[in-house]
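In the order they appear, the protein sequences are chains A and B. Residue numbering for the first sequence follows the numbering used here, starting at 1347 and increasing by one per position. Residue numbering for the second sequence follows the numbering used here, starting at 5 and increasing by one per position. First the structure, in the form of structure tokens, and then the observations on it.
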Amino acid sequence: MRVVLADDSVLLRAGIAELLRLDGLDVVGEAGTADELLEQVRATVPDVVVVDVRMPPTHTVEGLVAARRIRQQWGSAVGILVLSQYVETRHAVELLAEAPDGIGYLLKDKVLRPEDLGEAVRRVGSGGSALDPSVVSHLLRRRRDDAGLTSLTPRERDVLALVAEGRSNRSVAATLFLSEKTVESAITRIFDKLGLGEDPAAHRRVRAVLTWLQG
Amino acid sequence: MAAVGAGPTLDRMTARASEATPRGRPVPVPRVTPSTRGYTLAAALACAAAVGFGLYAEEGRRALGRSWDVALLDLIAGLVFVGAGAAVFLWRPANRCWWLLVASGATWFLGTLAGVGYDDLAMVGFVTISWHYYFLAHLLLAFPTGRLPARRDVVLLAAIAAVLTVKSLVRLLLYVPPDGTGCQCAQNRFTGVDDGRWYNLAEATFPWVISVLFALVVAEVVVRWAHSSGAGRRMLTPVLIMSAAVAAQIAYSQVIRQELAWAVVRSQDLFVLVVGLRAIAAYSIVVGLRRTGQARAAMAGAVSELDADPARLTAALRSALEDPSLEVLPASSDAVPSPPPGRAVTVIEGDHGPLAALIHDEALLEDPGLISAVTAAIRLTTDNERLRRELQERLDELAASRVRIITAADAERRRIERDLHDGTQQRLISIALQLRLALARAEDAEDPNGRRSLGLDFAVRTAVEELAGAVGEVRALARGIHPAILTDAGLQAALESLVDRSTLNIRTDLDVAVEPSAGAASAAYFCVSEALTNIAKHAHASDVVLQARGRPGAVEITIADDGVGGAAETELGSGLSGMRDRLAAVGGSLTVESPASGGTRVRVVVPCA
């Protein structure tokens, strides 16, 4: 899987690149600014870009702006994983609002857990989603009084949160030490309780869950 | 006419002085310190008057068989002036009229001496008998200030003094007592002539001259009255009438009655009339001076109404000084205009050059105290205004400096936040990452031997966990200093973010139509943050509503809860009062309603362009 990496900190960028390579990913380009990122994407058309939100010149949301432009130009063909120094639900929601396919939004600290980062990059690169757990927990808290949500068992809530993060059944099962079958049936129950009409097995279930969470 | 014989006449109408030879004495006017002068002077005058009158009346009755009422009238005629002088001295010690009144009254008694039976003493009275005219004229001309306003007044007075000097000298040197008749002062030791021709000529001329001179005095007073207006005229009116009456009386008694021998009034009655006129004249003068005192009192009252607004200052001065045409010119006008006739210009000097120029009725100059009161009032006003202006400038400066400080602090907070996110946090992550990579390389290097360094693995993982913790703390710290979302996405997004992070159940209704300035937004954000923290800590609320509304020129944010209420602002924590200062610096405001019955409502208003 071909990756372009954008971060203005050279050392950190090199470290992440090496980490991704160790994980078996192919880092085909590195960029220090949003403009460089767009050039690299144009030149290499990677499967996924990993981009820091805060980049020169203003260190505010240049990464998000670049991500939006890449999405406009290449659609979901180029997956986008945004790394942020801090998590803002608003940024995540804006990013995923259109379609969560091939979009990820993670706290930058995730690079310290190489296995999670690698998984997220792969997921996003193959059209899936990756949403930071802290964003999911904020979204869940927003709807804590919802009747559907309160009817879930704690276990079902955990499953829902992991589904919202964009994880596959296998990943959910591995994280919660459950069998995939158990996870599948849990997801079916959750969708019933929340009144989500989508097929819980379908690829677009993340979108359904996120749409519901945003109320 | 025992005293002066048939020829000479008594200048003043001590009508029966020839029959009565009272032994008058000037009433002493003790000078005492201002602190005690009031009552001491009054008591001394009363005692002296009582004793003096007792001796005087008794002597008159014993020696001359004169009835007590004539003695009383003579005494009153002198004492009213002395008394008026004392009154002026008491009320208006700065006014110089008092000594003229006293001198006029005292010199009246000189004439009384002419009637006593002792040669030399009687001679003194005989010679100086007319000098009270001088002081009367001086008084009329110098009223009300006690100073002679014009050079011609000095000339007039000098003429009167000259005439009186001539008369005195003539009496002293040329008077030859008629043989075997006349007064007991028949022995004129000073005379150098044998016959009374020159004396008689001088005595015949004097009444005409003194009458003309007094007519001039009256004319002068009339002119001055005509040029006055308002207060000045009112003050002069009684004096004018009285001086005219006195002049008429002099003319009548000196010329008409004695020289033309055309008498319509008996001399006893005339004397009563003279004494009455003198009493009224003295009274008029005192009242006139009291009037200026009242003007000053009005001035003092006006001071409290004075303010720097030129129109109101002018109005207050006009009303206090009763001069409707008074004008106040600002000090900036370099050239002091030359006043129209009857008007005067007074320049009010301040510590640093002229403050203002007053164009006013010339009559006001007649009381220098009044003008100095006005000057003091205007100084006070301009000083007041200057102090007020300085205070306002300092307040403005303080407000500006507070804005600068808050703005600088905000900018600094943003810079620190950025440094923490993009510097410290990045470096910590980077270090942790490098550790991880180092571990991975070490594992690769050691793999050929199939051994894993568990100790190294543990150490590196622990270090990475620690670093991850540090990253989290730095993130929280940065957020507390300045939320990045505020810069990234504005106040509304930042408020939503606050709600997201709060443990409270918050209903929101947010519509920040126009983004406030960075400083205002940040102040509003931290205010809401503080309020939500307080609710979480103290309110025990089940329902919290956060509402934000963009209004024209302002954003209004309300945080309402259904908690216990009764939160005094002090209990709301120093955080919120600190917020109040921050809000005030950006032109916003904070109000807290927290009735004891329950519920708290915090309202934050910040301006926006």
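Cβ coordinates follow ideal geometry from the N, Cα and C atoms, glycine included.
Alpha carbon of residue i to alpha carbon of residue j, nearest angstrom
i, j, result
"residue 329 of chain B", "residue 95 of chain B", "29 angstroms"
"residue 140 of chain B", "residue 394 of chain B", "54 angstroms"
"residue 160 of chain B", "residue 221 of chain B", "8 angstroms"
"residue 1555 of chain A", "residue 1459 of chain A", "26 angstroms"
"residue 1538 of chain A", "residue 1512 of chain A", "19 angstroms"
"residue 1474 of chain A", "residue 1394 of chain A", "11 angstroms"
"residue 541 of chain B", "residue 589 of chain B", "27 angstroms"
"residue 1489 of chain A", "residue 1496 of chain A", "9 angstroms"
"residue 580 of chain B", "residue 1432 of chain A", "26 angstroms"
"residue 350 of chain B", "residue 317 of chain B", "16 angstroms"
"residue 466 of chain B", "residue 439 of chain B", "10 angstroms"
"residue 411 of chain B", "residue 1363 of chain A", "41 angstroms"
"residue 1412 of chain A", "residue 1400 of chain A", "11 angstroms"
"residue 382 of chain B", "residue 342 of chain B", "21 angstroms"
"residue 429 of chain B", "residue 1376 of chain A", "21 angstroms"
"residue 478 of chain B", "residue 1543 of chain A", "42 angstroms"
"residue 150 of chain B", "residue 90 of chain B", "14 angstroms"
"residue 1525 of chain A", "residue 521 of chain B", "54 angstroms"
"residue 1358 of chain A", "residue 1514 of chain A", "29 angstroms"
"residue 111 of chain B", "residue 133 of chain B", "8 angstroms"
"residue 226 of chain B", "residue 380 of chain B", "32 angstroms"
"residue 1453 of chain A", "residue 512 of chain B", "26 angstroms"
"residue 529 of chain B", "residue 1373 of chain A", "41 angstroms"
"residue 1449 of chain A", "residue 1521 of chain A", "21 angstroms"
"residue 347 of chain B", "residue 166 of chain B", "34 angstroms"
"residue 415 of chain B", "residue 443 of chain B", "41 angstroms"
Residue from the options with nearest C-alpha to residue i
i, options, result
"residue 613 of chain B", "B:564, B:554 and B:566", "B:554"
"residue 1407 of chain A", "B:460, B:494, B:547 and B:561", "B:494"
"residue 3 of chain B", "B:44, B:352, B:117 and B:132", "Outside the shown range of chain B (5 to 613) lies residue 3 of chain B, about which nothing can therefore be said."
"residue 1509 of chain A", "A:1402, A:1444 and A:1481", "A:1481"
"residue 352 of chain B", "B:504, B:387, B:408 and B:226", "B:387"
"residue 433 of chain B", "B:418, B:448 and B:474", "B:474"
"residue 544 of chain B", "B:603, B:596 and B:519", "B:603"
"residue 560 of chain B", "B:380, B:592, B:449 and B:417", "B:592"
"residue 247 of chain B", "B:144, B:334 and B:172", "B:144"
"residue 290 of chain B", "B:488, B:97 and B:469", "B:97"
Helix, strand or coil at residue i according to DSSP, with G and I counted as helix
i, result
"residue 357 of chain B", "strand"
"residue 31 of chain B", "A caution first: residue 31 of chain B carries a pLDDT of 43, below 50, which makes its placement in the model unreliable, though a value can still be read off. Note: residue 31 of chain B maps to coil in three-state DSSP."
"residue 1494 of chain A", "helix"
"residue 395 of chain B", "helix"
"residue 108 of chain B", "helix"
"residue 169 of chain B", "helix"
"residue 318 of chain B", "helix"
"residue 1479 of chain A", "helix"
"residue 331 of chain B", "strand"
"residue 511 of chain B", "strand"
"residue 1450 of chain A", "strand"
"residue 214 of chain B", "helix"
"residue 1421 of chain A", "helix"
"residue 258 of chain B", "helix"
"residue 1429 of chain A", "strand"
Residues that residue i contacts on chain A, provided the C-beta gap is smaller than 8 angstroms
i, result
"residue 504 of chain B", "1435, 1484, 1487 and 1488"
"residue 422 of chain B", "1405"
DSSP bridge partner residues for residue i (one or two, in chain order)
i, result
"residue 607 of chain B", "B:562 and B:595"
"residue 1376 of chain A", "A:1351"
"residue 555 of chain B", "B:558"
"residue 365 of chain B", "B:347"
"residue 1536 of chain A", "Answer by DSSP bridge pairing: none, since residue 1536 of chain A is not bridged."
"residue 352 of chain B", "B:360"
Partner residues on chain A for residue i, Cβ-Cβ distance less than 7 angstroms
i, result
"residue 475 of chain B", "1455"
"residue 426 of chain B", "1400 and 1405"
Proximal residues of chain C, C-beta to C-beta of residue i below 7 angstroms
i, result
"residue 1355 of chain A", "The structure shown has no chain C; the protein chains it does contain are A and B."
Within chain B, the residues that residue i reaches when beta carbons sit closer than 8 angstroms
i, result
"residue 1460 of chain A", "440"
"residue 1502 of chain A", "By Cβ distance, chain B contributes nothing, its closest Cβ being about 22 angstroms from residue 1502 of chain A, past 8 angstroms."
"residue 1362 of chain A", "437"
"residue 1358 of chain A", "430, 433, 434 and 437"
Contacts of residue i in chain B (Cβ-Cβ under 7 angstroms)
i, result
"residue 1431 of chain A", "425, 429 and 479"
"residue 1368 of chain A", "444"
Beta-carbon neighbours of residue i, restricted to chain A and to distances below 9 angstroms
i, result
"residue 483 of chain B", "1432"
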